[in-house]
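Asks: Residue numbers (the working numbering): 40 to 1211.
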């Protein structure tokens, strides 16, 4: 049909605009032959045997010559071979009648598939586009931040650039944490950051080989916590495929929701395919003939779990088996071996699939803070500054912000906080925890008038009972009959609790296409679809909402319950009163958690899921005791405030007893959960006490069982531990052992000055070797680690892939420990910074590290300060630097390098241009060694920082440095503090600075510098426009030298920092500097400590401060200002609002005067820090 006479409907579908009875002209369109009509079906065939048979037949029938057959065989890929064959056959058999006859007689099944191909493909694309209609989405990690100003018309049209953004993270496998713990525990431990080594992977790359040599994956597994948007990914993938935007080489995409096929008792592969494929299509054979993708969404929703150990194998596609066994055999490849599989589930279920059966594992990424804030901003904000208020509240409640990294939870949190603000709730009264959020979500303060309290409680009882007993059985979907059995009226009336927390889903299997709701998340209350024979079920909008309602039911029922509520039958031990029922819940949660930790993750019992759910269930049950929501809870459940207060006391007593009985064992997630329960009740006194002692570094000796559990909780939620977990000086060996599982997820851990010995290194080695290790930086400075303790750390580095920084300064690992670390780092591909300062590694250790530098391609920073290394060890390192192309920072300070060692490093610098920082402080280097280094600087174009302080560099060395500065154009920082440069040497350097255009920092402290050198430096500042820092402390410049520098400052526009401590400056120099400050607009730090500014100088500086707007830090310590001088400075700050720090100590002001001056400064300049 001519496209010009058609109206486009979908991409490959057209509606004929011409009447069928309308007489066409005498000319008839030429009929299209069978070969051309079914060309696409032939070229997409995956059957090599059919192609070879067709080539052989073509040669016999004279359709192909030997050359033609050889040409087909030479083509690389199978689709290209089919394309070449069809092109050649169409030359001698344009109608394709001979090819058609051959296929009918020799390959009837394949012939039928080829004939149906275009029809089936078009039907499937249309069905998917109708089924997965574009919806208003909750935020996802792959979608950019939406703008609230975007028009509705634009929001309906999917942007291909947006949909093809990286939607997944490629990971190596499911971690132990994901396998063992509840979804929300995983988020809390990792602070919502997602996998450490995840690589972004777009949906358009999901099924492709990642390298030229790697095969195309057959089984892809995507894991994500409940509500992370897995179903929406399936919907997006299906739409993109249906629109022809991705994977056109895939002939069929067949998505199926596991809850739907889970409703079947038994199922065969043939029946499954008939349910998924359009009517009239061949079923099982299509997966062999054509590239087919089967998508199993929600494996956790099967009625019985996958069991790869016990499921009987079967390869009969018509044999009906339990659904879990069917999927197990499909994954194994016993059934539908030609089909590609995309499996989506929660992490704990994904861990049950043997790693050998999965070719690619991906994870749905969490939302970033920018995306969370962007989602909040998409709401129509009627409340003034609502977006800022909500974001400020979330950032102040870190646990809640972490949970918002789940799109579904982000939706309900944002909606609930917005409704609370619009209802007039003050910011300080906004919900703090997820329990409080759900209380406000389920019972808004403004209720519908027709919703009577009695009917609400009746519906709450029915919903809670359904949620509670379904939770115990691990069920998340419910048929109409199952829901009504608990007393629910379906569908729920608009405005009721059921309407907010339930969602209806309609299946499509067996009924063609439908408009059922896909994707999940709170905020989509009731999704109604039209079923064409598919199954209809109800589910809670999010798993955590089911757990919350289960806790509400347990609380309401336990007040009058006489038997154990964990048993649906009435035959159990009597339990009277809420207190006994709460203790039973704690005991049941503990027992199931312990059982889950012991059970194998592939067991059929399902105890893992139940145990994890009961931990969150217990937190919700405890959170109902929060005083912040007592009024809403009491009204909904029918409890008096006095009774609720008594229950609160009972719960607090039970929790304190449970926390007190933790003992000295390892702190597990169950222990942390008890502390989290206290936080849910807003009982944070103990947590706040431990946090304050942690921040103050006074925890040593106070970490009993409960305090360790609180500390483990703080590691997850406290801002003190967010970026840098500092446990220095507060842990003993026993504390480390108890906290070890919780330290696994700290990214930056400081364990300095804890007196750790070698046995503690065994523990830390096991930590670094763990698969789940998130640690990126570890500092063990100033402990008692010897060469024996370095060995377990070295073994851990052989397998660790996260640690990038290791600080072992101040230990005694010696040469043997250095050798162990060097051997490990030859294999390690992660560590980039190693600090071995003051470890007595000597020349033997230096040799081992030199060998490492020849092969290691990751290490960029190496600190070997104070290690008794002589020139022999340095020479080995220098030789390695000639080959190494990655090391950037080398610290050899405090070793006996001498001129020989400096010369060896100089030779390396003529070859190595990667090293950017070389530190040789206190290294016994004299003029000879410096001369060698400066010669290297003339040709080196990589070194940026050179530290030569506290050596024996004299005038000759200074002149050599000056000569190098005239030629070098890369060195930016030069430190010559505490050498023997004298006036002559510094004058030479000053003259060189006139022409140098690279140096930004020059340190000349303690170098016997006098007036002449100061004048030379002042002259250089008149023309130099690059120098930003000049340090002339402890030199006898006198007033004349300072006046020269001050004169230069009037015209210099680059110097920002000037240190003039102890330069024998008096009033004249201070007055000159004050005059310069009135003009200068770049200097922001001025240090004048230890001079004689006096009151006259203070008065001059006071006048300057009133007009200067660049100075930020001013140090006038010990300058004989007196009370009058201090008052002059203080009054000047009234007009100077830029100063952030001032030091007036040691100026004879007295204690009372200091208080007066400090008070005045703080009143006039509240942002300024005062030391007085």
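Beta carbons are placed, not taken as given, at the ideal position from N, Cα and C, and that holds for glycine.
How would you label residue 583, buried or exposed, when you count the other beta carbons within 10 angstroms and need 16 or more for buried?
Replies: That one is buried.
Asks: In the DSSP assignment, the beta strand (DSSP E) including residue 517 goes from what residue to what residue?
Replies: Here the beta strand (DSSP E) through residue 517 covers 516 to 518.
Asks: Applying the 10 Å Cβ sphere with the 16-neighbour rule, what's the burial state of residue 1146?
Replies: So residue 1146 ends up on the exposed side.
Asks: Which of the three DSSP states, helix, strand or coil, is assigned to residue 762?
Replies: It is coil, neither helix nor strand.
Asks: So what's residue 720 in DSSP terms, helix, strand or just coil?
Replies: Coil.
Asks: Could I get the ranges of all uninterrupted beta strand (DSSP E) runs contained in the region 938 to 966, with 3 residues as the minimum, in chain order?
Replies: Runs found: 956 to 958.
Asks: Based on DSSP bridge pairs, tell me the residues matched to residue 1097.
Replies: According to DSSP, which records beta bridges pairwise, residue 1097 is partnered with 1069 and 1125.
Asks: Report the rounded CA-to-CA distance for residue 110 versus residue 399, giving the unit in angstroms.
Replies: Each residue's Cα considered, the two are about 35 Å apart.
Asks: Hey, how far is the Cα of residue 1293 from the Cα of residue 402?
Replies: Nothing can be reported for residue 1293, as the shown portion of the chain is limited to 40 through 1211.
Asks: Checking 8 Å against the spacing of the C-beta atoms, do residue 587 and residue 500 come in under that value?
Replies: Taking 8 Å as the Cβ cut-off, residue 587 and residue 500 do not qualify as a contacting pair.
Asks: The beta strand (DSSP E) with residue 1154 in it runs from where to where?
Replies: Note, residue 1154: beta strand (DSSP E), 1152 to 1154.
Asks: Tell me, which residues are paired with residue 628 by DSSP?
Replies: Bridge partners of residue 628: none, in fact.
Asks: Please go through the same chain and pick out, in chain order, the residues whose beta-carbon is closer than 7 Å to the beta-carbon of residue 739, but skip the five residues on each side of it.
Replies: The residues are 768 and 769.
Asks: Could you tell me the alpha carbon to alpha carbon distance between residue 550 and residue 170, rounded to whole angstroms?
Replies: Here the model assigns residue 550 a pLDDT of 41, short of 50, so the residue's position is not dependable, and the following value carries that caveat. Going by the C-alpha atoms only, they are around 12 Å apart.
Asks: On the DSSP letters alone, give me the boundaries of the beta strand (DSSP E) that residue 930 sits inside.
Replies: Where residue 930 is concerned, the enclosing beta strand (DSSP E) stretches over 928 to 930.
Asks: Going by beta carbon distance, what residues of the same chain come within less than 7 Å of residue 1082, once the five residues before and after it are set aside?
Replies: Excluding positions up to five away in sequence, the list reads 1107, 1108 and 1111.
Asks: Less than 6 Å between C-beta atoms, sequence neighbours within five positions excluded: which residues of the same chain meet that for residue 95?
Replies: There are no such residues.
Asks: For residue 130, does the count of other Cβ atoms within 10 angstroms reach 16, so buried, or fall short, so exposed?
Replies: Exposed, since its Cβ has fewer than 16 Cβ neighbours within 10 Å.
Asks: If we call anything under 8 Å between Cβ atoms a contact, is residue 870 one with residue 897?
Replies: Contact: yes.
Asks: What runs of the alpha helix (DSSP H), each 4 residues or longer, lie entirely inside the region 395 to 443?
Replies: If we require 4 residues or more, the alpha helix (DSSP H) runs fully inside the region 395 to 443 come out as 408 to 415, 425 to 435 and 437 to 442.
Asks: DSSP beta-bridge partners for residue 846?
Replies: Paired residues: 818 and 874.
Asks: Could you compute how far the alpha carbon of residue 753 sits from the alpha carbon of residue 162?
Replies: Going from the Cα of residue 753 to the Cα of residue 162 covers about 56 Å.
Asks: Going straight from the alpha carbon of residue 974 to that of residue 405, what length do you get?
Replies: Distance between the alpha carbons of residue 974 and residue 405 is about 54 Å.
Asks: Have a look at the DSSP bridge pairing and note the partners of residue 77.
Replies: Residue 77 is not bridged to any residue.
Asks: Measure from the alpha carbon of residue 980 to the alpha carbon of each residue in 783, 1009 and 480, then state which is nearest.
Replies: The candidate whose alpha carbon is nearest that of residue 980 is 1009.
Asks: Out of 331, 333 and 360, which has the shortest C-alpha to C-alpha gap to residue 343?
Replies: Measuring from the Cα of residue 343, the nearest candidate turns out to be 360.
Asks: Between the alpha carbons of residue 1190 and residue 1079, how many angstroms are there, rounded?
Replies: Going by the C-alpha atoms only, they are around 35 Å apart.
Asks: How about residue 286 and residue 83: do their beta carbons lie closer than 8 Å?
Replies: Contact: no.
Asks: Measure the CB-CB distance between residue 825 and residue 853 and report whether it falls below 8 Å.
Replies: In this structure, residue 853 lies closer than 8 Å to residue 825 by Cβ.
Asks: Three Cβ pairs or more, each shorter than 8 Å: is that satisfied between the region 912 to 922 and the region 945 to 960?
Replies: Because the criterion of three Cβ pairs below 8 Å is met, the region 912 to 922 and the region 945 to 960 touch.
Asks: For residue 84, which beta-bridge partners are listed by DSSP?
Replies: Answer is 329.
Asks: Can the beta-carbon of residue 802 be found closer than 8 Å to that of residue 819?
Replies: Cβ distance not < 8 Å, so residue 802 and residue 819 don't count as in contact.
Asks: To the nearest angstrom, how far is the alpha carbon of residue 504 from that of residue 291?
Replies: Spanning the two alpha carbons is a distance of roughly 42 Å.
Asks: Would you be able to state if there are at least three C-beta pairs under 8 Å between the region 442 to 459 and the region 619 to 630?
Replies: Touching, no.
Asks: Excluding the 5 residues preceding and the 5 following residue 1210 in the sequence, name in chain order all residues of the same chain whose CB lies nearer than 6 Å to its CB.
Replies: Result list for residue 1210: 1182 and 1184, in chain order.
Asks: Which whole-angstrom value is the C-beta distance of residue 215 and residue 810, which I expect to be below 8 Å?
Replies: About 6 Å separates the two Cβ atoms, so the contact holds.
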